[in-house]
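Notes for the one structure printed next.
2 protein chains.
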Amino acid sequence: MSITTPKGFVAAGLAAGIKASGALDLALLATEDGIAVPTAATFTSNLAAAAPVQISRAHMAANGGRASAVLVSSGNANAATGDRGRADATLMCAQTAAELGVPADQVLVCSTGLIGIPLPMEPITDGIPRLVAARAGGPDAGADAAQGILTTDSGRKEVLVTYPDFTVAGMAKGAGMLAPNMATMLAFLTTDAAVEPGPLADILRSAVADSFNSMSVDGCTSTNDTVILMASGKAGPCDPTLVADAVTEACADLARQMAEDAEGSSTVFQVQVTGARTDGEAHVAARKVADSLLVKCSINGEDPYWGRVASELGSAGVDFDMDRLTIAYGGTTVCRGGIEVPYDKAAVAAHMAGPMVMIECGLGLAAGTGVVMGVELGYGYIDENRTTS
Amino acid sequence: MSITTPKGFVAAGLAAGIKASGALDLALLATEDGIAVPTAATFTSNLAAAAPVQISRAHMAANGGRASAVLVSSGNANAATGDRGRADATLMCAQTAAELGVPADQVLVCSTGLIGIPLPMEPITDGIPRLVAARAGGPDAGADAAQGILTTDSGRKEVLVTYPDFTVAGMAKGAGMLAPNMATMLAFLTTDAAVEPGPLADILRSAVADSFNSMSVDGCTSTNDTVILMASGKAGPCDPTLVADAVTEACADLARQMAEDAEGSSTVFQVQVTGARTDGEAHVAARKVADSLLVKCSINGEDPYWGRVASELGSAGVDFDMDRLTIAYGGTTVCRGGIEVPYDKAAVAAHMAGPMVMIECGLGLAAGTGVVMGVELGYGYIDENRTTS
Numbered sequence: 007m008s009i010t011t012p013k014g015f016v017a018a019g020l021a022a023g024i025k026a027s028g029a030l031d032l033a034l035l036a037t038e039d040g041i042a043v044p045t046a047a048t049f050t051s052n053l054a055a056a057a058p059v060q061i062s063r064a065h066m067a068a069n070g071g072r073a074s075a076v077l078v079s080s081g082n083a084n085a086a087t088g089d090r091g092r093a094d095a096t097l098m099c100a101q102t103a104a105e106l107g108v109p110a111d112q113v114l115v116c117s118t119g120l121i122g123i124p125l126p127m128e129p130i131t132d133g134i135p136r137l138v139a140a141r142a143g144g145p146d147a148g149a150d151a152a153q154g155i156l157t158t159d160s161g162r163k164e165v166l167v168t169y170p171d172f173t174v175a176g177m178a179k180g181a182g183m184l185a186p187n188m189a190t191m192l193a194f195l196t197t198d199a200a201v202e203p204g205p206l207a208d209i210l211r212s213a214v215a216d217s218f219n220s221m222s223v224d225g226c227t228s229t230n231d232t233v234i235l236m237a238s239g240k241a242g243p244c245d246p247t248l249v250a251d252a253v254t255e256a257c258a259d260l261a262r263q264m265a266e267d268a269e270g271s272s273t274v275f276q277v278q279v280t281g282a283r284t285d286g287e288a289h290v291a292a293r294k295v296a297d298s299l300l301v302k303c304s305i306n307g308e309d310p311y312w313g314r315v316a317s318e319l320g321s322a323g324v325d326f327d328m329d330r331l332t333i334a335y336g337g338t339t340v341c342r343g344g345i346e347v348p349y350d351k352a353a354v355a356a357h358m359a360g361p362m363v364m365i366e367c368g369l370g371l372a373a374g375t376g377v378v379m380g381v382e383l384g385y386g387y388i389d390e391n392r393t394t395s
Numbered sequence: 007m008s009i010t011t012p013k014g015f016v017a018a019g020l021a022a023g024i025k026a027s028g029a030l031d032l033a034l035l036a037t038e039d040g041i042a043v044p045t046a047a048t049f050t051s052n053l054a055a056a057a058p059v060q061i062s063r064a065h066m067a068a069n070g071g072r073a074s075a076v077l078v079s080s081g082n083a084n085a086a087t088g089d090r091g092r093a094d095a096t097l098m099c100a101q102t103a104a105e106l107g108v109p110a111d112q113v114l115v116c117s118t119g120l121i122g123i124p125l126p127m128e129p130i131t132d133g134i135p136r137l138v139a140a141r142a143g144g145p146d147a148g149a150d151a152a153q154g155i156l157t158t159d160s161g162r163k164e165v166l167v168t169y170p171d172f173t174v175a176g177m178a179k180g181a182g183m184l185a186p187n188m189a190t191m192l193a194f195l196t197t198d199a200a201v202e203p204g205p206l207a208d209i210l211r212s213a214v215a216d217s218f219n220s221m222s223v224d225g226c227t228s229t230n231d232t233v234i235l236m237a238s239g240k241a242g243p244c245d246p247t248l249v250a251d252a253v254t255e256a257c258a259d260l261a262r263q264m265a266e267d268a269e270g271s272s273t274v275f276q277v278q279v280t281g282a283r284t285d286g287e288a289h290v291a292a293r294k295v296a297d298s299l300l301v302k303c304s305i306n307g308e309d310p311y312w313g314r315v316a317s318e319l320g321s322a323g324v325d326f327d328m329d330r331l332t333i334a335y336g337g338t339t340v341c342r343g344g345i346e347v348p349y350d351k352a353a354v355a356a357h358m359a360g361p362m363v364m365i366e367c368g369l370g371l372a373a374g375t376g377v378v379m380g381v382e383l384g385y386g387y388i389d390e391n392r393t394t395s
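Here the protein sequences come in this chain order: H and S. Numbered per the working numbering, the first sequence spans residues 7 to 395. Numbered per the working numbering, the second sequence spans residues 7 to 395.
Here's what the structure looks like:
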């Protein structure tokens with residue numbers, strides 16, 4: 007399985023020489039026949055958006071929601087690179103488009119890696135013709151593309167969701183800066199279902215909200231985050247509700263793979279808030295807990311220090327009544343009515359020693375619910391992030 | 007020098023037995039003659055406020071801004087303890103008031119330590135009569151009080167600001183959860199200046215905003231934060247502007263002592279934002295940078311990775327134009343117009359190896375300025391916070 011499993015897509019990946027390690031660092035996803043197909047994209051909310059985000063956003067605004075290809079480079083984010091960065095991103099699209107024989111605004115571009123350093127353009131302009139020439143269907147080409155978009159990831163992240171009438175496939179890159187509003191993460195999805203640009207954009211927006219935007223590694227929002235969904239239509243018209251379900255399932259699976267691969271981290275935890283005034287308030291409260299350094303440290307230490315969870319909920323800026331609070335770890339209630347209750351300490355200890363810790367918080371106010379995934383804070387995160395060298 | 011240096015105050019501290027270590031854990035600050043004096047207090051914004059915060063807040067609302075004494079216990083926060091916690095805090099005030107012969111609502115109470123565990127009341131009720139009996143002026147009693155309020159602090163935090171006509175003294179406890187809106191920190195200030203309750207509250211509010219609320223260790227807001235300022239009036243009426251200056255200076259000094267003593271941390275950094283649309287936006291942007299895990303890791307690694315600073319500014323939710331951005335470390339500009347410029351790498355490396363790193367961010371939009379202090383993220387923080395045992 008790969009990004010090329012849905013009918014109508016080809017891909018490629020190669021080592022152009024951006025990364026000193028010699029690892030794959032250039033990837034292409036394109037339609038098989040060069041025809042522009044309905045395409046949806048969501049971009050980072052960061053106002054310091056990288057050059058490729060600026061250029062891709064402009065292309066999406068100009069191409070009527072139809073694109074032919076996506077070029078991805080890894081190892082350098084082309085962020086905080088000013089006019090030169092914009093010129094480089096524009097050139098990458100133009101050259102790819104020329105090689106494919108399509109208009110430049112039908113090509114989108116994404117980059118990921120270090121911030122603040124101009125792209126090394128020579129390997130990229132040398133690599134693009136070879137990359138385009140290498141494009142192919144089949145699992146090998148898809149695997150090369152999925153490999154070529156990675157940075158600090160420990161391995162490829164791919165997903166395939168199969169329905170009777172159509173398929174959805176995806177590949178993603180992301181570890182470390184994952185956070186509110188999708189920090190340094192890239193995800194690409196393909197489907198052979200026929201969906202028009204408008205509904206396709208709605209499907210992607212909703213899927214991203216329920217997946218990538220409901221996870222947090224360190225609360226940082228990157229300059230380069232992008233999710234792109236292309237629909238070839240080769241499988242013909244399909245029930246849009248089923249397509250939405252499949253895309254959401256694919257995004258959730260990729261998001262989980264990213265959380266499990268968060269830089270230097272192993273234990274993932276999920277904060278579920280129920281009983282909030284609204285779903286929005288539940289989400290805000292769950293994110294406050296998931297982002298908390300102290301809670302992350304407790305997860306690292308396998309310590310069910312629920313008082314810190316209560317403290318974060320109380321300072322989340324949402325409606326809160328300590329006397330109605332219930333907190334459970336993995337289904338074992340440790341706090342009820344805002345105070346500790348006797349509980350099975352062995353059961354909680356066993357749960358916290360596992361790979362996925364569940365923190366369930368009941369606010370007891372109304373019916374709002376929200377879930378956010380977080381990652382523990384341990385030495386590994388610091389080792390990974392203290393220097394860029 | 008101590009909290010009793012301003013005329014009209016006595017203090018005491020002793021080991022009641024709350025802490026298993028046998029360290030001092032009960033402290034008293036009181037007026038020399040038992041008379042209630044103008045007193046101002048600010049409390050945590052956390053809706054999971056601890057029992058002593060709830061009771062002290064109620065007493066301040068009832069006593070017309072005049073109090074006779076403050077009782078402080080350390081080792082257990084009496085937070086997330088429900089009705090029992092409120093009864094315990096009420097009893098602590100009532101017993102202290104009875105020993106001093108003053109109304110109960112003229113006594114305030116503060117606790118600090120672990121959350122979620124009921125207070126051990128026997129040592130406290132045994133200790134209060136001894137504590138009240140031991141109250142005295144002079145530096146030894148003040149030092150005992152300053153010692154008795156500590157938890158994970160590495161030592162006492164005290165300050166004295168002397169003006170020709172009056173003095174302001176302070177003592178504080180805080181390390182670790184320091185954050186927006188004053189996380190687990192307690193500070194107590196005394197002055198012999200004569201200031202009425204209303205102006206005294208204004209003076210304290212402003213001083214806290216410019217000191218304790220402009221620092222961040224980990225972005226967590228505690229359940230127990232309290233700052234109390236008592237004015238004995240023994241020095242007679244003084245220029246309120248000078249009193250405000252002195253209180254602000256004392257608070258800023260205590261805040262600096264806390265930042266330098268942040269749990270498991272050594273390098274403190276200061277984020278200065280200029281050129282923002284407003285002072286408020288500058289403060290928000292500076293806090294976003296100071297709270298960033300990635301920036302904190304970079305400080306730990308002595309890495310001037312300004313791209314992360316730019317990324318945080320861009321996602322701070324304030325007006326921002328990457329093309330106008332300037333970033334400097336310790337006065338050496340590394341980024342201008344949103345891109346890296348050649349700079350003296352040796353000078354920046356030397357600055358980042360020092361005990362206080364200055365990050366200066368110019369947004370180039372208007373005249374708004376703001377400063378927030380942060381603390382690096384290293385192994386020490388994790389060691390300190392991963393378990394409570």
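Even for Gly, the Cβ is constructed at its ideal location relative to N, Cα and C. Predicted model, so just to flag it, every value in this text is computed and none were measured.
query	result
Same chain only: Cβ atoms within 7 angstroms of Asn199/H, ignoring 5 sequence neighbours per side	The question names Asn, yet the displayed sequence has Ala at residue 199/H. Phe172, Ala237, Ala241, Cys244, Val249, listed in sequence order.
Proximal residues of chain S, C-beta to C-beta of Gly386/H below 8 angstroms	Result: empty, since nearest Cβ-Cβ is about 10 angstroms, beyond 8 angstroms.
Complete alpha helix (DSSP H) runs within the stretch 129-205 of chain H (minimum length 4 residues, chain order)	145-154
Best match in Ala73/H, Arg92/H, Asn69/H, Asp146/H for proximity to Ile41/H [C-alpha to C-alpha]	Ala73/H
Simplified DSSP assignment, three categories, for Gly281/H	strand
Contacts that Phe326/H makes with chain S (C-beta to C-beta distance below 8 angstroms)	Leu53, Ala54
One or two residues paired with Ala80/H in a DSSP bridge	Correcting the residue identity first, residue 80/H is Ser in this sequence and not Ala. Answer is Thr118/H.
Ser298/S classed as buried or exposed, judged by whether at least 16 other C-beta atoms fall within 10 angstroms	buried
Beta-carbon gap between Ala292/S and Val377/S smaller than 8 angstroms	yes
Below-8 angstroms beta-carbon distance, Asn82/H vs any chain C residue	The question asks about chain C, but that chain is absent: this structure's protein chains are H and S.
Pair within 8 angstroms by beta-carbon distance, Thr102/H and Leu77/H	yes
CB contact flag (Ser111/H, His65/H, <8 angstroms)	The sequence as given places Asp at residue 111/H; Ser does not occur at that position. Yes, the Cβ-Cβ distance between Asp111/H and His65/H is below 8 angstroms.
Bridge partners - Phe49/H, DSSP secondary structure assignment	Thr232/H
Segments of 3+ residues assigned as beta strand (DSSP E) that fall wholly inside the stretch 298-381 of chain H	332-335, 338-342, 362-368, 374-381
Contacts around Leu125/S, its chain only, beta-carbon distance under 6 angstroms, and the 5 residues preceding and following it disregarded	Asn82, Asn84, Asp94
Interface flag, Asn306/S vs chain H, CB-CB below 8 angstroms	yes
Proximity below 8 angstroms, CB of Val347/H to CB of Tyr335/H	no
Under 8 angstroms (Cβ pairs) to chain S, residues found in the stretch 336-352 of chain H	Cys341, Gly343, Gly344, Ile345, Glu346
Backbone secondary structure at Val108/H - three-state DSSP	coil
Local Cβ density within 10 Å of Asp27/S, reported as buried at 16 or more and exposed below that	Note on residue identity: the sequence assigns Ser, not Asp, to residue 27/S. By the 10 Å Cβ count, Ser27/S comes out exposed.
Local conformation of Leu383/S per DSSP, three classes	coil
Option in Val167/H, Met221/H, Ala261/H with minimal Cα separation from Asp9/H	It is Ile, not Asp, that sits at residue 9/H in the sequence shown. When only C-alpha atoms are compared, the closest one is Val167/H.
C-alpha distance - Asp251/H paired with Thr280/H, whole-angstrom precision	23 angstroms
Neighbourhood of Phe49/S by C-beta distance below 6 angstroms, restricted to the same chain and skipping five residues each side	Val59, Arg63, Thr232
Enclosing beta strand (DSSP E) for Ala85/H [first to last residue]	No beta strand (DSSP E) holds Ala85/H; DSSP gives it neither H nor E.
Closest Cα partner of Ala68/H within the set Leu32/H, Leu114/H, Glu38/H	Leu114/H
Proximity test, Gly337/H beta-carbon vs the ligand COA heavy atom, cut-off 7 angstroms	As presented, the structure is devoid of all ligands, the ligand COA included, so that no description of it is given.
Contacting positions in the stretch 70-104 of chain S - beta carbon closer than 7 angstroms to chain H	Ala85, Ala86, Thr87, Gly88
C-beta neighbour in chain H for Gly122/S, strict 8 angstroms	yes
Proximity below 8 angstroms, CB of Ala142/S to CB of Val16/S	yes
Proximity to Ala55/S [Cα-Cα], best of Arg314/H, Ala56/H, Leu106/H, Thr393/H	Arg314/H
Per DSSP, the bridge partner or partners of Leu34/H	Ala18/H, Leu77/H
Own chain residues within Cβ distance below 8 angstroms of Met362/H, not counting five before or after	Thr273, Val274, Phe275, Gln276
Assigned secondary structure, Arg392/H (DSSP; H/G/I helix, E/B strand, else coil)	coil
Short-range partners of chain S found in the stretch 239-271 of chain H, where Cβ spacing is below 9 angstroms	none
N-terminal and C-terminal residue of the alpha helix (DSSP H) that Cys257/S is part of	246-266
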